[in-house]
Amino acid sequence: MKTFKIAFILLFLIINFSCMKEQLNDCFQSTGNDISITKFVNPFKKINIGENFKIIILQDTTKSEYVKITAGKNIINQIVSNVKDGTLKIQNKNTCNFVRSYKRKITIEINVKTLDEIIISSVSDLFSYDTLYFENKYVRLKNFGLGDVNLKIKCGFLDVQSINSGNITLEGFSNIMSCSIEEVSSFDARKLLCDDIYIDCHTPLDCFVYPKIKLYVKIFNSGNVFYRDEYANLKTYLVEQKGTGSLIKIQ
């Protein structure tokens, strides 16, 4: 019995040493030259991604949903994507990421058919080079990180929440947009035409919007809300003003 216990302990130590050795190798090896891997995934309607990625959203409806990862050959196998309960999550499971440069982002291309919600956190950036069409749909966009969001989108109702110090730039069209811009984040939707806009400005930075029919504004900080005034029947309402910022027409 004693011999069995000793053998078990030795086996346990060997396994743990092997794992530690792999982790140490990960810490000291370079990322390697970039390669790409494409993985088809189950259908999803939500994206929830943090880490340090450059995320590009595509919309080729002739193809199934997929994720294309471009990263160093020594780390790419530990970039894991999975769909659970209709939500796509992508994680970097490499150890010792803290010793690698944040200037070199792993690129993730995501092909979607439709989306209900996008959540971005940490230092990931999000882009769409072409317009994403979600007509008559409710789409929620949350930027909880430090990265930049640049989206071209067409939808029925766009709900935007920006917390932390990330930047959001939007263009396209939405029937209605509701947005809460908080902490020290910036918001530029001067190229996103909306019938009605509801904006709560909690940031000390300026915000920009493009309303067609109605604009409802609440200001709680020193950031101004600038709006394009290009439609004769536009109505603007400064509903609440507790900060020093102002509602200003772009000349």
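First residue of the sequence shown? That's 841 in our numbering, and the numbers climb one at a time after it.
Glycine included, every Cβ here is placed at the ideal spot set by N, Cα and C.
Presumed contact (8 Å Cβ cut-off) between residue i and residue j, rounded CB distance
i: D956; j: V979; result: 7 Å
i: Q899; j: Y973; result: 7 Å
Residue nearest to residue i in terms of C-alpha spacing, selected from the options
i: I948; options: F1060, N983 and D874; result: D874
i: G1012; options: F893, K1058 and K1031; result: K1031
i: C1041; options: S1025, D1035, I993 and I1053; result: S1025
i: G912; options: I1059, V1049 and I946; result: I946
i: C1034; options: S1002, L998 and P1044; result: L998
i: Q918; options: G987, I909 and D1046; result: I909
Range covered by the beta strand (DSSP E) that runs through residue i
i: E891; result: Note, E891: premise wrong, no beta strand (DSSP E); not H, not E.
i: G996; result: D988 to S1002
i: Y973; result: L972 to N983
i: G912; result: Y906 to G912
i: I948; result: I946 to N951
i: E957; result: E957 to I960
i: Q931; result: T927 to N932
i: Y1050; result: C1047 to I1059
i: V1065; result: V1065 to Y1067
For residue i, the three-state DSSP class (helix, strand or coil)
i: N917; result: helix
i: K861; result: Residue placement at K861 is poorly supported in this model, since its pLDDT is 47, which falls under 50; the coordinates still yield a value, given next. Note: K861 maps to helix in three-state DSSP.
i: K1031; result: strand
i: L898; result: strand
i: G830; result: In the structure as shown, the chain begins at 841 and stops at 1091. Residue 830 is therefore absent and cannot be evaluated.
i: F886; result: Looking at the sequence provided, one finds Lys at residue 886 rather than Phe. It is a strand residue.
i: L1074; result: coil
Buried versus exposed call for residue i [16 or more other C-beta atoms within 10 Å across all chains shown]
i: P1051; result: buried
i: L1078; result: exposed
i: S1014; result: buried
i: Y1038; result: buried
i: K992; result: buried
i: E905; result: buried
Cutoff 9 Å: residue i Cβ touching any chain C Cβ
i: L1033; result: As a matter of chain content, chain C is missing from the structure shown, which is built from one protein chain.
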